[in-house]
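All remarks here apply to the structure that follows.
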Amino acid sequence: MIVESIHSLDDSRLDEFRELKRTNATRHSAYFIAEGRLVVARLLASHFSVRAVLLSDKRWSAFSPYIPEGTRVLRVSHELCSRLVGFDFHAGVMASVNRAPLRQVPAQFVAGMHCGLVCCPETSLPDNLGSIMRLAAAFETAGLLVGPGSADPFSRRAVRVSMGAVFRLPVIEPHDLVDELHRLKSAHGFAIVAMGRGTGTIALGEFVRRIPPQWVLVFGNEARGLDNRWLQLADYRVEIEMSSDVDSINVAAAAAIGLYELTRRRG
0 MIVESIHSLD DSRLDEFREL KRTNATRHSA YFIAEGRLVV ARLLASHFSV RAVLLSDKRW
60 SAFSPYIPEG TRVLRVSHEL CSRLVGFDFH AGVMASVNRA PLRQVPAQFV AGMHCGLVCC
120 PETSLPDNLG SIMRLAAAFE TAGLLVGPGS ADPFSRRAVR VSMGAVFRLP VIEPHDLVDE
180 LHRLKSAHGF AIVAMGRGTG TIALGEFVRR IPPQWVLVFG NEARGLDNRW LQLADYRVEI
240 EMSSDVDSIN VAAAAAIGLY ELTRRRG
């Protein structure tokens, strides 16, 4: 480890860890922030490039053995660490991580005989996006496509809610999501599956009996659902069977049901 001790909040080496309460504060930066012992431990075991780990003296003995050789570590007092960000959830362990955005689904991720992708064009709440990332990893999908209308998948909150799943799930942020979905259909034979309620839908239970080998499961915005751009792309419109007295369920809950049903049929 390359250890640097810091004794003042005014130290410029702390700049990238400031103002973490702001939503999507680092979306257009070259880095993002991970926080908490479990999440940072999973980060350090991943392929992501770590800029620096911020570690309080209170957590030093327990966490420092997990830090790889050559990693830059900023060591601060626990009190100073809490004052820096204004809350204590991070438990004295944070990391700054280099972004390495994927703009297109790599061919090696979609080469399998059976392959599923998740797509969130406009999931606006980081909590929901983080939950969907965790589900996509749990059900072993090939990756997550995220549109510019969605929350930042590498925002502090989304990374935390994903419980570090974002470090092993390929997250693709295309410059043009519509073009990328067209490419997946034409070049790789993916079926686009829109989840929602309305006319022209088929029941999820019926759909899974004839599920295509490669698919992209598309979820809508929390308030508006899927608009026509995404519905016109869809090869299938699939509905979760539920009471007619309930118009919708939370998007992360829908993702859990949909991914379970689709992936349990795999192989």
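Quick note, the sequence shown lines up with residues 0 to 266 if you use numbering that gives the first Met the number 0. Think of the CB as a built atom: it goes at the ideal place given N, C-alpha and C, for glycine as much as any other residue. Given the structure is predicted, the values throughout are model-derived calculations rather than measurements.
Beta-carbon proximity check, residue i vs residue j, cutoff 8 Å
{"i": "V72", "j": "E3", "result": "yes"}
{"i": "G142", "j": "P169", "result": "yes"}
{"i": "N97", "j": "S48", "result": "yes"}
{"i": "A99", "j": "L128", "result": "no"}
{"i": "L258", "j": "A135", "result": "yes"}
{"i": "D216", "j": "L261", "result": "One detail in the question is off: residue 216 reads as Leu in this sequence, not Asp. Yes. Within cutoff."}
{"i": "E238", "j": "R209", "result": "no"}
{"i": "T273", "j": "N220", "result": "Past the edges of the chain, shown from 0 to 266, lies residue 273, and the structure says nothing about it."}
{"i": "A288", "j": "D226", "result": "The shown model of the chain, from 0 to 266, leaves out residue 288, and the question about it has no answer."}
{"i": "R228", "j": "T200", "result": "no"}
Whole-angstrom distance between residue j and residue i, CA atom to CA atom
{"i": "L203", "j": "A193", "result": "11 Å"}
{"i": "K184", "j": "S247", "result": "28 Å"}
{"i": "T198", "j": "E240", "result": "13 Å"}
{"i": "G304", "j": "L43", "result": "Summary: the structure shown does not reach residue 304, with the chain confined to residues 0 through 266, and so no result is reported for it."}
{"i": "M0", "j": "V92", "result": "15 Å"}
{"i": "R17", "j": "S11", "result": "10 Å"}
{"i": "R133", "j": "S7", "result": "36 Å"}
{"i": "A33", "j": "R155", "result": "6 Å"}
{"i": "L124", "j": "S45", "result": "25 Å"}
{"i": "A186", "j": "L144", "result": "17 Å"}
{"i": "G163", "j": "A94", "result": "12 Å"}
{"i": "G115", "j": "R263", "result": "12 Å"}
Backbone secondary structure at residue i - three-state DSSP
{"i": "L116", "result": "strand"}
{"i": "L279", "result": "As displayed, the chain neither begins before 0 nor continues past 266, which places residue 279 out of reach and without an answer."}
{"i": "I210", "result": "coil"}
{"i": "L230", "result": "helix"}
{"i": "G142", "result": "strand"}
{"i": "E238", "result": "strand"}
{"i": "V215", "result": "strand"}
{"i": "G91", "result": "coil"}
{"i": "G224", "result": "strand"}
{"i": "I248", "result": "coil"}
{"i": "L79", "result": "helix"}
{"i": "A157", "result": "helix"}
Exposed unless 16 or more other CB atoms sit within 10 angstroms - verdict on residue i
{"i": "G224", "result": "buried"}
{"i": "A51", "result": "buried"}
{"i": "L232", "result": "buried"}
{"i": "V245", "result": "exposed"}
{"i": "R74", "result": "buried"}
{"i": "S242", "result": "exposed"}
{"i": "Q107", "result": "exposed"}
{"i": "E139", "result": "exposed"}
{"i": "L180", "result": "buried"}
{"i": "S60", "result": "exposed"}
{"i": "G188", "result": "exposed"}
{"i": "P212", "result": "exposed"}
Cutoff 8 Å: residue i Cβ touching any chain B Cβ
{"i": "A150", "result": "The displayed structure is made up of one protein chain only, and chain B is not part of it."}
- Where are the beta strand (DSSP E) runs, 3 residues long or more, that stay fully inside the segment 0–65, in chain order? List check, beta strand (DSSP E) in window: 1–4, 30–34 and 49–55.
- Task: Report the residue ranges of all beta strand (DSSP E) runs contained in full by the segment 167–197; include only those spanning at least 3 residues, in chain order.
- Result: Runs found: 190–194.
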